Ligand SMILES: Nc1ncnc2c1ncn2[C@@H]1O[C@H](COP(=O)(O)OP(=O)(O)O)[C@@H](O)[C@H]1O
Ligand SMILES: O=C(O)C[C@@H](O)[C@H](O)C(=O)COP(=O)(O)O
């Protein structure tokens, strides 16, 4: 079993950095975008999803991001603070940017998700808006990688990671790669390489590690070789997620293990990665073992994909343990 050392005397368990936006989910299941009659409104965005996941499990969570100075921005802040999330690091932009909005179908596979991110407010966050004392007040800083895709958010993200390293706040990078946010995979791999080197834990799927290996090891599909390449600099743990095939976890000391999935009836594929990260991080900030964290992440993801939203379908601690007790895991 593996323990991750964390500073215990902190006000917050985790601060999540990245986008918080609006998710509009199809009212009807198994219906094409053209035929959907309307959408239900939720708060979403990868970083907001992770923040809500940790908070619903009982963690003390903060957020670094930016929304527009408009009704959608107000809705996102109202929902997140209602979830008990500290918004001291949440900025509001009035330069004409827009809060990120996602429209989705509701299908178990081949499910369209359209994300409107023209002049996205979250990417306007500036390095001078990132408070080192806020980061030092948390056990963990979780960075979602789309925040690296554009300046000034890129600089804000990298300085937040530097502040975290200086204050012994554990750094977790959830790769969260959205290809359309980047000019090329080469550009993305350069910035992700810098961010991975500043991270204690790197979480991504195979496609995301392929992008990060664009320059270093093009064409590599070998997870063991990938892990060896990324277990350098500050990185102690590499998690490679594989959807229905579960996940593989590699530690710096050579220990590795796999986690299977909990089979459920899937409503929609999205939200799995964010709930997985939430379950894992919540376990680690409570002093749990890495192996249990990955199991909790896997269960939280299964619960989420069987629900009909991202944030609202995140489990409470009671729901999570009840689910694990009553379900079979498959490898
Ligand atoms: N269909 C599914 N049923 C149950 N669990 C799933 C399913 N899809 C994903 N998961 C769980 O969620 C984790 C993360 O999902 P994955 O799709 O790999 O992430 P991402 O969305 O970031 O690509 C997986 O490792 C697995 O534990
Ligand atoms: O991440 C977004 O901006 C939108 C999400 O809230 C959305 O619902 C989604 O697509 C989540 O996908 P995932 O992060 O790939 O699981």
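Residue numbers (my numbering): 7 to 337.
Cβ coordinates follow ideal geometry from the N, Cα and C atoms, glycine included.
These numbers were taken from a predicted model, which means no experiment stands behind them.
key: Through-space distance from residue 132 to residue 322, alpha-carbon basis   = 33 Å
request  = Could you round the C-beta distance between residue 304 and residue 253 to whole angstroms and report it? I think they count as a contact, below 8 Å.
outcome  = 7 Å
query = Is residue 119 near residue 276, with beta carbons less than 7 Å apart?
reply = yes
ask   = So residue 420 packs on residue 299, CB below 8 Å; how close in whole Å?
value = Past the boundaries of the shown model lies residue 420; the chain is included only from 7 to 337, so the question cannot be answered.
Close Cβ partners of residue 237 (< 7 Å) along its chain, the five nearest in sequence each way excluded = 244, 256 and 258
Simplified DSSP assignment, three categories, for residue 175 = coil
ask   = When you compare each of 36, 7, 270 and 127 to residue 115 by their alpha carbons, which one comes out closest?
value = 36
task = Give every residue of the same chain whose Cβ lies closer than 8 Å to the Cβ of residue 269, excluding the five residues on either side of it in the sequence, and list them in chain order.
result = 308, 333, 334 and 336
ask   = According to DSSP, is residue 203 helix, strand or coil?
value = helix
task = In angstroms with no decimal places, state the Cα-to-Cα distance between residue 197 and residue 312.
result = 34 Å
message = Under 8 Å, with one C-beta from each stretch per pair, do the region 39-48 and the region 63-70 reach the 3-pair mark?
response = no
ask   = For residue 6, which of 184, 96 and 126 has the nearest alpha-carbon?
value = The structure shown has nothing for residue 6, since the chain only spans 7 to 337.
ask   = Quick one: is residue 48 buried, meaning 16 or more other Cβ sit within 10 Å of its Cβ, or exposed?
value = buried
key: beta-carbon residue 316 near ligand 2 non-hydrogen atom, thresh 6 Å   = yes
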